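Take a look at the structure set out below.
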Amino acid sequence: MPAEATLCLRWAVVSISDAAKRLLVGRPVSSEQLSETLLPKRIALPVFASDALSSVAYAPNEIFLMLSLAGVAAYAFSIPVALAVAVLLAVVIASYRQNVHAYPSGGGDYEVATVNLGRTAGLVVASALLVDYVLTVAVSIASAAQYAAGGIDVLRGHEAAAAVVAIALLMTMNLRGVRESGTAFAVPTYFFIITMLALIGTGLFRWADGSLPLAESAQFGIELEGGPTEGSLAQLALAFVVLRAFSSGCAALTGVEAISNGVPAFRPPKSANAAATLAMLGGLAVAMMVSVVFLAGRMHVRYVDEARPWDQLTLNGQLGVPGDGATVVFPDGTEYHQVPLIGQLAHGIFDFAPFMFFLVSAATGLILVLAANTAFNGFPVLASVLAKDGFLPKQLHSRGDRLAFSNGILVLAGLAALLVVAFDAQVTRLIQLYIVGVFISFTLSQAGMIRHWTRALSAAKGRQTRAKMQRSRAINTLGLVFTVLVLAIVLATKFLAGAWIAILAMTLVFGIMKGIKTHYLHVAQELNPENYSGNARTLPSRVHAIVLISSVLAPTLRALAYAKASRPATLEAITVDADPRSTANLMKQWEEMELPVSLKVLESPYREVSRPIITYIRSIRRQSPRELVAVYIPEYVVGRWWEQMLHNQTALRLKSRLHYMTGVVVVSVPWQLSSAEGDADRFDRTGGGANRGLLRYGVDTTAAAKTTTGRGHRPGYEVPGGDS
19 MPAEATLCLR WAVVSISDAA KRLLVGRPVS SEQLSETLLP KRIALPVFAS
69 DALSSVAYAP NEIFLMLSLA GVAAYAFSIP VALAVAVLLA VVIASYRQNV
119 HAYPSGGGDY EVATVNLGRT AGLVVASALL VDYVLTVAVS IASAAQYAAG
169 GIDVLRGHEA AAAVVAIALL MTMNLRGVRE SGTAFAVPTY FFIITMLALI
219 GTGLFRWADG SLPLAESAQF GIELEGGPTE GSLAQLALAF VVLRAFSSGC
269 AALTGVEAIS NGVPAFRPPK SANAAATLAM LGGLAVAMMV SVVFLAGRMH
319 VRYVDEARPW DQLTLNGQLG VPGDGATVVF PDGTEYHQVP LIGQLAHGIF
369 DFAPFMFFLV SAATGLILVL AANTAFNGFP VLASVLAKDG FLPKQLHSRG
419 DRLAFSNGIL VLAGLAALLV VAFDAQVTRL IQLYIVGVFI SFTLSQAGMI
469 RHWTRALSAA KGRQTRAKMQ RSRAINTLGL VFTVLVLAIV LATKFLAGAW
519 IAILAMTLVF GIMKGIKTHY LHVAQELNPE NYSGNARTLP SRVHAIVLIS
569 SVLAPTLRAL AYAKASRPAT LEAITVDADP RSTANLMKQW EEMELPVSLK
619 VLESPYREVS RPIITYIRSI RRQSPRELVA VYIPEYVVGR WWEQMLHNQT
669 ALRLKSRLHY MTGVVVVSVP WQLSSAEGDA DRFDRTGGGA NRGLLRYGVD
719 TTAAAKTTTG RGHRPGYEVP GGDS
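Count the sequence shown with the working numbering and you get residues 19 to 742, in order.
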């Protein structure tokens, strides 16, 4: 797209986008207010732990779904699988409590691996985490759409669209800043915790007194492909199914690493508060997940592939057929719409209070939407660290107007939305891509921590200090053993089912980051002043100023005045004879006004404007290679998007070509039309009172004298170093 067309398009939307940005994101926040955005533990828990807590909504589903491949009898392994996941979660959380104390800067697994295992290991961890953050948003939001469709009939079949809308809303909230979004997310997260504890407590009480009902799905059997449901599985096949259920249940561990990446967002003492939040997360997640699986087993819940439940569910030995949406219609006329495990539990446990089903479903859907917020806090921070190190574009390092990493948030939202649409918001398909990246980062992080403690022990003095370090190393060693085993299981059971896609994505991200780093290194080397032997500081022998003229108007006179004020060795005005009549009129005006600058007319037999000017400037450069050519171009500053299409097109086209010429400087001389005055006032007001533009180097801006007030200056303050 030509440069002028691109600028026109930007101008067309700038006013609307700026107004929309302020409406959705809010007014800018100064950097001095960053400390006010730090989170206390009561807010940090819902912000950073909602991902792991929300896994209660889909990890048990995946355990039961995978076991269903072996028939109803395999559900007997649901409790052992859940307990194994709970033990793993406890070990990993204990390990990460060591991480947040040793590395509180927010680099998380990336920093641990880079410092202790080298740059390549750090990039492997970073690629795995970036991909898994995107998957976290996609899986959480897709699962939320599933819960919403279970209670709202109109959403059935439109889960992907609902998920994209939810991602957009979540993106908007995070663009407003972490503290503001954290406060908004605290109430729904605690609401989910309370409703889940009520569900579990009521369910356990009814189980203890013998009044726990069976789930609606308990009446169904499960068809086993290739043979009868009971007694036909070989032990090896059964073991594989159980391992696959375990690997899917390990989705409960996602989100643990986000706290280690988010330590800088905690209030002091940062490490202690992050470790306490990890402990609270572990206790809640383990208790809720094991309880849900236990109650689902006692209520004989059936859960199969939500995309094609009619291929597995049977009633009186007969398979059903597809109905509306994901509804199964059986030969006797029975219709059944499968809902996730928590929905089935709520429907049965609260059979005496039907409204509780909708309450629990709403709370679960909300926590799943908010769970993606963990990724919206972790991804931008990690991307910022990587950008600072030169592995991602520098734009990802900077905070936006609201002190949020706006560019990282936008990238995450866009990628997650694409993934949701590509997989039609089907959790079972998305979950196959999940987890592998998390366990790659877990494994390398634990290996890095072991090396960290080994190095620290070699320099440590004091019996108590050494004992503490040895205990931390033992915890991380145990974590490494567990994560290596689980990573092997995940790769063995999920690779062909979709994990290969995640691994391919991680490889691509790794290659992209290496390429970006290589580019930045080459540019830095190319721009190093030492490579130019002083030429970069050498002044040009002369300055040849050229003012482009198309008509004698006020902007032209201003450009001539500016060029003359720079005192060049040579000053001339040039015009292109694309239209002989217009050129004759211009020359007549020039003579009548007696302007003290010579006017040269460049021939253009083919009525081109840019080419004759480029050719003329090249001739000057050939004659005097050490001479600097300064090209002054008058330009109109307009206030309406459509005006930009009517002006400056030739100037834009010419500037885009002159920028590629060495020894040539392009000077834009702006002339503000009356339509631009409103924009100037608006830009002056932007900033909410921040001291924008005040010189800080060598000047105490806080003690500036209260002498002047003017456009562009903060009322009551003097602009340091100026005369007015």
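Even for Gly, the Cβ is constructed at its ideal location relative to N, Cα and C.
Computed from a predicted structure; not experimentally measured.
Where does the unbroken alpha helix (DSSP H) through residue i begin, and where does it stop?
i: R560; result: R560 -> not in any alpha helix (DSSP H); beta strand (DSSP E) instead, spanning R560 to L566.
i: L691; result: Where L691 is concerned, there is no enclosing alpha helix (DSSP H), given that its DSSP letter is neither H nor E.
i: A648; result: Where A648 is concerned, there is no enclosing alpha helix (DSSP H), although the beta strand (DSSP E) it sits in stretches over E645 to V655.
i: T295; result: K288 to R316
i: G432; result: S424 to A440
Just how far apart, CA to CA, sit residue i and residue j?
i: R60; j: I385; result: 16 Å
i: A131; j: R639; result: 53 Å
i: G529; j: P282; result: 28 Å
i: A75; j: T138; result: 35 Å
i: T220; j: I367; result: 7 Å
i: S622; j: A694; result: 34 Å
i: E275; j: R658; result: 48 Å
i: N603; j: E610; result: 11 Å
i: A577; j: I534; result: 40 Å
i: Y151; j: V157; result: 10 Å
i: Y114; j: L296; result: 8 Å
i: W471; j: V378; result: 44 Å
i: V439; j: A178; result: 6 Å
i: T720; j: T213; result: For T720, the predicted model reports a pLDDT of 42, less than 50, meaning its position is unreliable; a value from the coordinates is still stated below. Cα to Cα, T720 sits roughly 51 Å from T213.
i: S628; j: V649; result: 13 Å
i: S600; j: L620; result: 13 Å
i: A405; j: N279; result: 15 Å
i: A805; j: S490; result: Because the chain in this structure spans residues 19 to 742, residue 805 falls outside the shown range and cannot be described.
i: Y624; j: F441; result: 55 Å
i: L713; j: N291; result: Low per-residue confidence applies at L713: pLDDT is 43, beneath 50, and the placement is therefore not dependable, though the value from the model is reported in the following sentence. Distance between the alpha carbons of L713 and N291: 38 Å.
i: I564; j: L646; result: 11 Å
i: Y165; j: N79; result: 12 Å
Along the chain, where does the beta strand (DSSP E) containing residue i start, and where does it finish?
i: E626; result: That residue, E626, is in no beta strand (DSSP E); it is neither H nor E in DSSP.
i: T593; result: T588 to D595
i: T332; result: L331 to L333
i: H355; result: E353 to H355
i: V322; result: From DSSP, V322 is part of no beta strand (DSSP E); its letter is neither H nor E.
i: T345; result: T345 to V347
Hey, out of the options, whose CA is closest to residue i's CA?
i: L71; options: Y93, A139, F209 and A579; result: F209
i: T501; options: V109, A67 and P78; result: V109
i: V155; options: A144, L331 and S68; result: S68
i: N391; options: A596, E661, V594 and T190; result: T190
i: N425; options: M307, L302, T525 and L410; result: L410
i: A510; options: F258, L215 and F95; result: F258
i: R644; options: A542, L261 and H562; result: H562
i: T593; options: R585, V570, G681 and Y580; result: V570
i: A144; options: L153, Y151, S158 and Y128; result: Y128
i: L101; options: R469, V310, L57 and A204; result: V310
i: R285; options: N279, L57 and L135; result: L57
i: T272; options: V685, A440, L106 and V684; result: L106
i: N117; options: A579, I567, S459 and V687; result: S459
i: F238; options: G89, Q690 and T536; result: G89
i: S686; options: R675, L670, I651 and V656; result: I651
i: I521; options: A478, I218, F457 and A163; result: F457
i: A523; options: P547, R469, L451 and L475; result: L451
Helix, strand or coil, according to DSSP, for residue i in the structure here?
i: W686; result: Correcting the residue identity first, residue 686 is Ser in this sequence and not Trp. Strand.
i: R40; result: Confidence is the limiting factor: at R40 the pLDDT is only 49, short of 50, which leaves the residue's position unreliable, though a coordinate-based value still follows. Reduced to three states, the DSSP call for R40 is helix.
i: G396; result: helix
i: K618; result: strand
i: I453; result: coil
i: L232; result: coil
i: V445; result: helix
i: K512; result: helix
i: F375; result: helix
i: F238; result: coil
i: P58; result: coil
i: F284; result: strand
i: V527; result: helix
i: G707; result: Note that G707 scores a pLDDT of 45, beneath 50, so its modelled location is shaky and nothing firm can be said.
i: V570; result: coil
Fill in: Start-end ranges of the beta strand (DSSP E) lying completely within the stretch 247-281, minimum 3 residues
none
Worksheet item: Going along the chain, which unbroken runs of the alpha helix (DSSP H) with 4 or more residues stay wholly within the stretch 135-223?
Response: 137-169 and 177-193
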